[in-house]
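Novice: Residue numbers (the numbering used here): 5 to 480.
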């Protein structure tokens, strides 16, 4: 094999992202590399050959040892060399396999199968393995980090923001509970759909023409063959497995990708100099700018969003690969190979997000300072609701005019309300009746107006801690 510098590789996944995600990419290698493609096809061919040997050969037990040895005996280099001669990848694999086997087994190699029986079944094996052994563990690690922060910050006051403007108070734990909830549901969907991937042994058009000459019940043969691989048959095959099994899994992965990109964007904005509520870890030797030594850029969060921009549009190709003329054409033969790139890009983003959350600094003092930046105007909603429920029909307009006077005169809402004795009386009475809280204390401390943010955040954290544990057990 020719040694090659990884810096000569064309795809950034094979040099820059490999180096920054070496452990994860080494794990993905078993499922996404070209060697993995050959190995998985070999695994499928060996399962089929074992079925035939047990059906047709009396001395099958001794011969099956030769089948088991194929994994070590066949190399990707040999198969590729044979493909140079045959110009057909699966036939090249079959030819190499036959050379490694006793003569008695050779007639049964690939018997009854068409190329895509092997290719689609092997693709399902690889995608299932990559998702369950690499993607899901890292998704769970991100979710676990989120849950930890939600628990710690469930009661940390923060101003809510809509349209980039201060809204009403929340807590930081509540803000991140949104992502724990969204990502948690996506993880559950991904895990379920990874178990639904399918294979086939239905022949050139999916009607079991060839295997009907081999077995009295070709569908039973298909089920037994796939069971050896931990798969079930596609409900209806053409030459292809129905594409929606893998499509739905990939789409749900893209949903999760969008969620972590959204989280990354929120964290990036919270690191703006004028907000500065959270901060990514910055190494002692790390450089933020080539010209501005003071810079501490939120580069990891930006990187996650940038990876999402590069890979999320691939779903267009996933949808386009649904289409195949009649029982099959070759228009998805090139595009489907790039699913591996998508999975690798998603894993790179997950690794980066796990790093961000694992060392995220939450500046609670700055959050409180920002909450107080707008003064008690963030409580104008509370004033309006209390006044309205006390029976005042023009409550919203009364409070709106008060907020304008506050902005123009630099006064506080509390002072404006107390200056209007009838309004203050109604608000105070309703506050005592509804919450049993001193109205002056309430309107002097915006952090008190947080609804059920703490309870909601805590409940979300507990729910998804349970989901994490359950799925980890399922993956064992």
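Glycine included, every Cβ here is placed at the ideal spot set by N, Cα and C.
Mind checking residue 217: buried by the 16 CB within 10 Å criterion, or exposed?
Specialist: So residue 217 counts as exposed.
Novice: Taking the straight line between their C-alpha atoms, what separation do you get for residue 86 and residue 466?
Specialist: Cα to Cα, residue 86 sits roughly 56 angstroms from residue 466.
Novice: Going along the chain, which unbroken runs of the beta strand (DSSP E) with 3 or more residues stay wholly within the region 39-79?
Specialist: Correct list: empty.
Novice: Taking contact to mean at least 3 C-beta pairs separated by less than 8 angstroms, is the region 120-136 in contact with the region 65-84?
Specialist: Touching, no, given that fewer than three Cβ pairs across the two stretches are closer than 8 angstroms.
Novice: Taking the runs of the alpha helix (DSSP H) that are 4 residues or longer, which of them lie wholly in the region 204-291?
Specialist: If we require 4 residues or more, the alpha helix (DSSP H) runs fully inside the region 204-291 come out as 222-231, 248-274.
Novice: Under the DSSP definition of a beta bridge, which residues are partnered with residue 202?
Specialist: Residue 202 pairs with 236.
Novice: Using the Cα positions of residue 454 and residue 448, report the straight-line distance between them to the nearest angstrom.
Specialist: Distance between the alpha carbons of residue 454 and residue 448: 14 angstroms.
Novice: Could you pull the start and end residues of the alpha helix (DSSP H) that residue 443 belongs to?
Specialist: Run containing residue 443: 443-448, per the alpha helix (DSSP H) assignment.
Novice: Three or more C-beta pairs under 8 angstroms: does that hold for the region 160-177 against the region 367-379?
Specialist: A contact exists between the region 160-177 and the region 367-379.
Novice: Is the beta carbon of residue 260 closer than 8 angstroms to that of residue 174?
Specialist: Not a contact, by the Cβ cut-off of 8 angstroms.
Novice: Taking the continuous beta strand (DSSP E) assigned at residue 397, which residues delimit it?
Specialist: Per DSSP, residue 397 belongs to no beta strand (DSSP E) and is neither H nor E.
Novice: If we count the other Cβ atoms within 10 Å of its Cβ and call it buried at 16 or more, is residue 414 buried or exposed?
Specialist: With fewer than 16 Cβ atoms within 10 Å of its Cβ, residue 414 is classed as exposed.
Novice: Just how far apart, CA to CA, sit residue 256 and residue 197?
Specialist: Cα to Cα, residue 256 sits roughly 9 angstroms from residue 197.
Novice: Is residue 171 helix, strand or coil when you go by DSSP?
Specialist: Residue state, collapsed to three classes: strand.
Novice: Starting from the N-terminal side, write out each stretch of the beta strand (DSSP E) that is 3 residues or longer and does not extend beyond the region 108-174.
Specialist: Within the region 108-174, the complete beta strand (DSSP E) runs of at least 3 residues are 161-166.
Novice: Report the rounded CA-to-CA distance for residue 417 versus residue 390, giving the unit in angstroms.
Specialist: Going from the Cα of residue 417 to the Cα of residue 390 covers about 14 angstroms.
Novice: Just the C-alpha distance for residue 54 and residue 118, rounded to the nearest angstrom, thanks.
Specialist: Roughly 17 angstroms between the two C-alpha positions.
Novice: Report the partner residues of residue 366 according to the DSSP bridge assignment.
Specialist: Residue 366 pairs with 282.
Novice: Closest to residue 384 by C-alpha separation, out of 241, 361, 431, would be which residue?
Specialist: The candidate whose alpha carbon is nearest that of residue 384 is 431.
Novice: DSSP three-state label for residue 192, please.
Specialist: Three-state DSSP puts residue 192 in a helix.
Novice: Taking DSSP as the reference, what is the three-state secondary structure of residue 405?
Specialist: It is helical.
Novice: Pick out whichever of 353, 101, 477 has its Cα sitting closest to the Cα of residue 482.
Specialist: Residue 482 lies beyond the stretch modelled for the chain, which goes from 5 to 480, so this question has no answer here.
Novice: One question on the structure: do residue 325 and residue 247 come within less than 8 angstroms of each other, judged by their Cβ atoms?
Specialist: In this structure, residue 247 lies closer than 8 angstroms to residue 325 by Cβ.
Novice: Is the CB-CB distance between residue 126 and residue 48 below 8 angstroms?
Specialist: Yes; because the gap between Cβ atoms is below 8 angstroms, this pair is in contact.
Novice: If you draw a straight line from the alpha carbon of residue 203 to that of residue 266, how long is it in whole angstroms?
Specialist: Computed Cα separation, rounded: 35 angstroms.
Novice: Report yes if the C-beta distance between residue 74 and residue 102 is below 8 angstroms; otherwise report no.
Specialist: Cβ atoms of residue 74 and residue 102: not closer than 8 angstroms.
Novice: Report yes if the CB atom of residue 23 is closer than 8 angstroms to the CB atom of residue 348, and no otherwise.
Specialist: Result no, Cβ atoms of residue 23 and residue 348 do not sit closer than 8 angstroms.
Novice: Could you compute how far the alpha carbon of residue 405 sits from the alpha carbon of residue 426?
Specialist: Between residue 405 and residue 426, the C-alpha separation is close to 16 angstroms.
Novice: Using the C-alpha atoms, what's the distance from residue 176 back to residue 395?
Specialist: If I take the Cα positions, the gap works out to 34 angstroms.
Novice: Whose C-beta lies closer than 6 angstroms to the C-beta of residue 315 among residues of the same chain, with five residues either side of it excluded?
Specialist: These residues qualify, in order along the chain: 346, 349.
Novice: Take every Cβ of the region 234-249, pair it with every Cβ of the region 176-186, and state whether three or more of those distances are shorter than 8 angstroms.
Specialist: They do not touch, by the three-pair rule.
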